[in-house]
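Under my numbering, the letters of the sequence shown match residues 36 to 519, in that order. Just so it is clear, CB atoms sit at the ideal spot from N, CA and C, and this is done for glycine as well. All values derive from a computational prediction rather than experimental measurement.
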Amino acid sequence: MLSTLTITQAHDKLTKREVSSTELIQACIDRIEAVDGTLNAIVCRNFEKALEEAKKIDSVGKFPSPLTGIPYLTKDVYCEAGVPTTACSNILREKTYIPPFDSTTRKRLKEAGAISVGKTNTDEFTMGASTETSCYGPTRNPWDTTRVAGGSSGGSAAGVAASEGLFALGTDTGGSIRQPAGFCGTTGLRTTYGRTSRYGVMSMASSLDTIGPICKTVEDTAIVLQSIAGKDPLDATTSDVPVPDYRADLRKGMKGLRVGIPKEYFIDGLDPSVEASVKAAIKEFERQGATLVDISLPHTKYALATYYVICPSEVSSNMARYDGVRYGHTVKNPKSLLDYYEQVRSTGFGSEVKRRIMIGTYALSAGYYDAYYRQAQKVRTLIGRDFDEAFKNVDVILTPVSPTPAFTVGAHADDPVAMYLEDAFMDGAVMAGIPAMSIPCGFSKNNLPIGLQLMTAQWQEALLLRAAYAYEQETDWHTKLPPL
Ligand code: GLN
């Protein structure tokens, strides 16, 4: 099946004329038609446009970028000119918001010749850890369809795992790339805050949001990062720190790397299969020549609580634009302007979004701002300092991605706090604004993928990819395909 190819393999075949871009696109379309009725990973199909773009590329017959002619999937929060973009929320779905412009990432990928075949399912406005808050219903995990694919980029992770696209775009505010990548056995990268442009990607919590790829391999991740990273005049928070050649150091190996193992991430309640797989992965790093260092990140225990103050606060502000006037659906016969806003927002938003708007509005209100938001910002600085200290002595930090493998659909349906706890290992990197990656490192007894998280200091994506690549080359977890 052509859609199981990696980007590198597909590019090789394209340049040798063994396959055309049209065939690659068609293979993804066929795959989506065969399995997506079960998975629900794709919420908008771009097939005709994708085939047209492929035809053009094939007629020129040149593949200057490793991404030219390569089919991919886009999380439904990235604006794509002329393509419905709903953030999987009824507030945008009902009148079908069609952006008149491309996100910077979409623009850069288009320039490289990559072709988007569809938009992927996400928790509503990316709020969640299971894709269950989507107005289109949950995405199923291709390894076990009774289970979630994780979230919020669950559609992207499941889509890549099930070979519906060769790679996908996700967003990571509090783990939404790494956690679903881990649950689905794919490779996900959260970039340093400011490394990739957020322009044209619907905001959740602006000081935490990052965008990045979900791929099948580490090398593919380096390729996608290469074309999307870097300063963007349209996003003032992007940095002009030079973008290195992300593949230059990929094969430098593990020797000489100092790897930190933070005790705070190996807690009671860690699923035994997760613990065993992650510990075995750590041993593999050592076997390949890395030096292991026990470290402590003492403020880790506050990361989740800090996140769940800062995130809803910024959410409450970002959601204000969906008022039925600037953005959002409309309602008939309102009694007054206030009634109009109330009706639009109460019928348009789902309960998780409403919960965060309420928590965030409370935390930002006069009298509570100092006690919550400002306090959380202070703790955020302390968490960042823990990492700064740690990175004086180590190059890479290793932890599990999630405390357990993928849970069953509905398991946390009535318990938002249990859902928040899913992010336990995600929020340290978020608070520190550092890059972090999830790569496959094993399977549970019932054949569910397990993820290993790697983190480095800010702007050290090349180092992160090098360590991940060295591990990946000696293991075969990433080559396994789900039974679907
Ligand atoms: N689970 C986290 C949350 O619900 C992650 C969200 C994200 O990264 N977009 O906030």
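Check whether the Cβ of residue i lies closer than 8 Å to any heavy atom of the ligand GDP, and answer yes or no.
| i | result |
| --- | --- |
| Ser437 | Judged by which ligands are present, the ligand GDP is missing from the structure shown, whose ligands are the ligand GLN. |
So, at 6 Å on beta carbons, what are the nonlocal neighbours of residue i in its own chain, with the 5 sequence-adjacent residues on each side left out?
| i | result |
| --- | --- |
| Lys48 | Val54 |
| Ile258 | Ile42 and Pro101 |
| Glu599 | In the structure as shown, the chain begins at 36 and stops at 519. Residue 599 is therefore absent and cannot be evaluated. |
| Gly288 | Ala505 |
| Leu127 | Thr121 |
| Thr365 | Gly359 |
| Ser274 | Gly229 |
| Thr272 | Gly229 |
| Asn125 | Cys170 and Gly383 |
Residues in its own chain within less than 7 Å of residue i by CB, not counting five upstream and five downstream?
| i | result |
| --- | --- |
| Asp207 | Arg213, Arg225, Thr245 and Gly247 |
| Asn546 | In this structure the chain extends from 36 to 519, so residue 546 is not present and cannot be described. |
| Pro369 | Tyr375 and Gln378 |
| Ala459 | Leu339 and Pro438 |
| Gly163 | Gly186, Ser187, Glu387 and Met454 |
Can you tell me the Cα-Cα spacing of residue i and residue j, whole angstroms?
| i | j | result |
| --- | --- | --- |
| Ser223 | Met393 | The sequence shown places Gly at residue 223, rather than the Ser named in the question. Taking the straight line joining both Cα atoms gives about 31 Å. |
| Asn353 | Gly217 | 28 Å |
| Leu373 | Asp358 | 10 Å |
| Glu68 | Ile418 | 45 Å |
| Asp421 | Val414 | 11 Å |
| Tyr506 | Ala197 | 23 Å |
| Ala149 | Leu108 | 10 Å |
| Arg16 | Arg501 | Outside the displayed span of the chain (36 to 519) sits residue 16, for which this structure offers no information. |
| Tyr362 | Phe301 | 44 Å |
| Ser371 | Thr382 | 16 Å |
| Gly561 | Lys290 | In the structure displayed, the chain extends from 36 to 519; residue 561 sits before or after that span and is not available. |
| Ser39 | Leu201 | In the sequence as displayed, the identity of residue 39 is Thr instead of Ser. Cα to Cα, the separation comes out at about 7 Å. |
| Ser211 | Asn482 | 22 Å |
| Gln412 | Gly96 | 52 Å |
| Thr168 | Ser94 | 42 Å |
| Gly280 | Pro470 | The question names Gly, yet the displayed sequence has Asp at residue 280. The straight-line gap from Cα to Cα measures roughly 16 Å. |
| Leu86 | Ile105 | 11 Å |
| Met490 | Cys63 | 32 Å |
| Pro297 | Glu509 | 24 Å |
| Gln410 | His334 | 14 Å |
| Glu58 | Leu516 | 21 Å |
| Gly189 | Ala503 | 22 Å |
| Cys346 | Thr231 | 19 Å |
Whose C-beta lies closer than 8 Å to the C-beta of residue i among residues of the same chain, with five residues either side of it excluded?
| i | result |
| --- | --- |
| Val236 | Val112, Tyr113, Cys114, Ser138, Thr140, Thr206, Asp244 and Ile246 |
For residue i, write down the residues that DSSP places opposite it in a beta bridge.
| i | result |
| --- | --- |
| Ala471 | Arg225 and Met490 |
| Ala264 | Thr231 |
| Ser151 | Tyr107 |
| Asp511 | Its beta-bridge partners do not exist; DSSP assigns none. |
| Leu204 | Thr109 and Pro248 |
| Pro297 | Ile330 |
| Leu433 | Leu489 |
**Report entry** Three CB pairs or more closer than 8 Å across the segment 317-335 and the segment 396-405
**Finding:** Too few Cβ pairs lie closer than 8 Å, so no.
Query raised in the report: Is the segment 166-182 touching the segment 466-484 in the sense that three or more CB pairs, one from each, lie closer than 8 Å?
Result: With the cut-off at 8 Å, the segment 466-484 and the segment 166-182 touch.
Query raised in the report: Is the segment 71-81 touching the segment 148-162 in the sense that three or more CB pairs, one from each, lie closer than 8 Å?
Result: In short, these stretches touch, since the Cβ pair count reaches three.
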